[in-house]
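Heads up, the numbering used here is the position in the sequence shown plus 35, with the first residue counted as 1.
Ideal Cβ placement from N, Cα and C applies to all residues, glycine included.
Keep in mind that this is a model prediction, so the values were computed, not measured.
Heads up: the structure comes next, in structure tokens.
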Amino acid sequence: MNNESIQTGYDQMWMVGKKDLAQGIVDVDPIPDATSKRWGVSAILRIPTIFGESLLPLIDTLKTKTGSRHTFHDTATFHVTLRSIEFFRKDVPDGDFAVCTYSKLLQELAPQFSPFGIRFAGLSANRVGIILQGYPVDAQIQLFRQQVHQHLANHQFLQGPEQQNPRLNTHISLVVFGGPLKNGQDLIQYVDQHRRTGYGQMEASSIDLVRYERDERSVKIVTLDRFALG
36 MNNESIQTGY
46 DQMWMVGKKD
56 LAQGIVDVDP
66 IPDATSKRWG
76 VSAILRIPTI
86 FGESLLPLID
96 TLKTKTGSRH
106 TFHDTATFHV
116 TLRSIEFFRK
126 DVPDGDFAVC
136 TYSKLLQELA
146 PQFSPFGIRF
156 AGLSANRVGI
166 ILQGYPVDAQ
176 IQLFRQQVHQ
186 HLANHQFLQG
196 PEQQNPRLNT
206 HISLVVFGGP
216 LKNGQDLIQY
226 VDQHRRTGYG
236 QMEASSIDLV
246 RYERDERSVK
256 IVTLDRFALG
């Protein structure tokens with residue numbers, strides 16, 4: 036497993052993010068367009084409802100520190116990204132050739148893997164938003180990502196933000212900033228106090244292929260296909 040490398044990434048994120056937030060530096064996430072690097076077609080793990088509900092008090096607490104002018108994830112949108120397959124494109128029509136290709140690849144790979152377990156502990160943040168740090172319980176997720184990467188390469192579909200290498204982390208996005216923070220210092224203090232707090236563990240039994248619909252205060256995740264893990 037790569038949990039040490041994952042932790043290093045989370046720590047570096049907070050080291051930089053803490054300085055930015057202390058200076059009031061926030062990057063407002065724009066409504067995506069043809070130039071956007073985020074919110075493209077992706078393979079994700081949906082968070083089980085019971086586990087998602089356990090995070091709602093945390094969201095309420097964060098809202099008191101950030102203010103309400105932001106995008107707050109909830110039980111309908113909590114997720115872990117396995118692979119950001121594409122950059123954003125506005126139109127993903129039914130029968131889209133690329134999406135059909137991704138579906139075939141995921142349909143082939145998913146049954147070869149047991150359900151994915153992830154442990155969640157600690158908060159981190161940067162100028163874009165706040166995350167819940169996640170750690171795979173075994174090597175399966177990264178092996179799956181590597182195989183997806185190779186399959187996409189074999190079909191000449193390597194594109195998007197992970198064109199060079201598969202991602203390592205398994206975090207849940209909690210808040211995406213939409214403007215200035217209500218109280219940045221309170222937020223910094225809270226994140227610092229909860230850098231190692233345990234939030235539980237989940238097991239995902241399926242993978243969703245999704246696209247995103249985004250506006251100034253919300254995000255909707257539209258499932259294009261679903262694949263059961265073995």
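Report all residues from its chain with a CB closer than 8 Å to the CB of Gln303; omit the five preceding and five following residues, and keep chain order.
The chain is shown from 36 up to 265; residue 303 falls before or after that span and cannot be answered.
What residues in its chain sit with their C-beta under 8 Å from that of Gln181, if we drop five residues either side in the sequence?
Start at 1 with the first residue of the sequence shown, and residue 181 comes out as number 146. Cβ-Cβ distances below 8 Å link Gln181 to Pro201 in the same chain, with the five nearest sequence neighbours on each side left out; the list follows chain order.
Compute the beta-carbon to beta-carbon distance between Leu80 and Phe151, rounded to the nearest angstrom, for a pair I have assumed lies under 8 Å.
On the sequence shown, position 45 is the one that residue 80 refers to. On the sequence shown, position 116 is the one that residue 151 refers to. The pair is a contact, with the Cβ atoms about 6 Å apart (cut-off 8 Å).
Give me the residue from Arg124, Ser103, Leu93, Lys125 with the minimum Cα distance to Thr110.
Stepping through the sequence shown from its first residue, residue 110 is reached at position 75. Out of Arg124, Ser103, Leu93, Lys125, Leu93 has the C-alpha closest to the C-alpha of Thr110.
Tell me which residues share the same chain as His229 and place their Cβ nearer than 8 Å to its Cβ, disregarding the 5 neighbours each side in the sequence.
Sequence index remark: in the sequence shown, residue 229 carries index 194 (1-based). Listed in chain order, the non-local C-beta contacts of His229 below 8 Å within the same chain comprise Gly157, Leu158, local neighbours out to five positions each way being set aside.
From the DSSP output, in three-state form, read off Ala111 for me.
Along the sequence shown, read from residue 1 onward, the residue named residue 111 stands at position 76. Under the three-state reduction of DSSP output, Ala111 falls in the coil class, being neither helix nor strand.
Mapping the DSSP letters down to three states, classify Gln58 as helix, strand or coil.
As a working mapping, residue 58 is identified with position 23 in the sequence shown. Coil at Gln58, not helix or strand.
Assuming Phe113 contacts Ile207 (C-beta within less than 8 Å), just tell me the rounded distance between them.
By one-based count along the sequence shown, residue 113 stands at place 78. By one-based count along the sequence shown, residue 207 stands at place 172. The pair is a contact, with the Cβ atoms about 6 Å apart (cut-off 8 Å).
Is the separation between the beta-carbon of Met252 and that of Glu197 shorter than 8 Å?
Mapped onto the sequence shown, residue 252 falls at position 217. Mapped onto the sequence shown, residue 197 falls at position 162. As written in the sequence, residue 252 is Arg, which differs from the Met given in the question. No. Outside cutoff.
Under the DSSP definition of a beta bridge, which residues are partnered with Ser77?
The residue given as residue 77 occupies position 42 in the sequence shown. Its beta-bridge partners are Ser119, Val245.
In whole angstroms, what separates the C-alpha of Ala263 from that of Ala145?
In the sequence shown, counting from the first residue as 1, residue 263 sits at position 228. In the sequence shown, counting from the first residue as 1, residue 145 sits at position 110. C-alpha of Ala263 to C-alpha of Ala145: approximately 6 Å in a straight line.
Can you tell me which of Lys125, Ser77, Val115 puts its alpha carbon nearest to the alpha carbon of Ile66?
In the sequence shown, residue 66 corresponds to position 31, counting from 1. Per the C-alpha coordinates, the member of Lys125, Ser77, Val115 positioned closest to Ile66 is Lys125.
Taking 8 Å as the limit between beta carbons, can you name the residues of its chain near Leu216, skipping five residues before and five after?
Here residue 216 corresponds to residue number 181 of the sequence shown, with the count starting at 1. Here the set comprises Leu56, Gly59, Val61, Lys100, Thr101, Gly102, Leu222.
My output table needs one value for Phe179: the three-state DSSP class, helix, strand or coil.
Reading the sequence shown from its first residue, position 144 is the one you call residue 179. DSSP, reduced to helix, strand and coil, places Phe179 within a helical segment of the structure shown.
How would you call Ser241, buried or exposed, if buried means at least 16 neighbouring beta carbons within 10 angstroms?
As a working note, residue 241 is residue 206 in the sequence shown. Within a 10 Å sphere around the beta-carbon of Ser241 sit fewer than 16 other beta-carbons, which makes this residue exposed.
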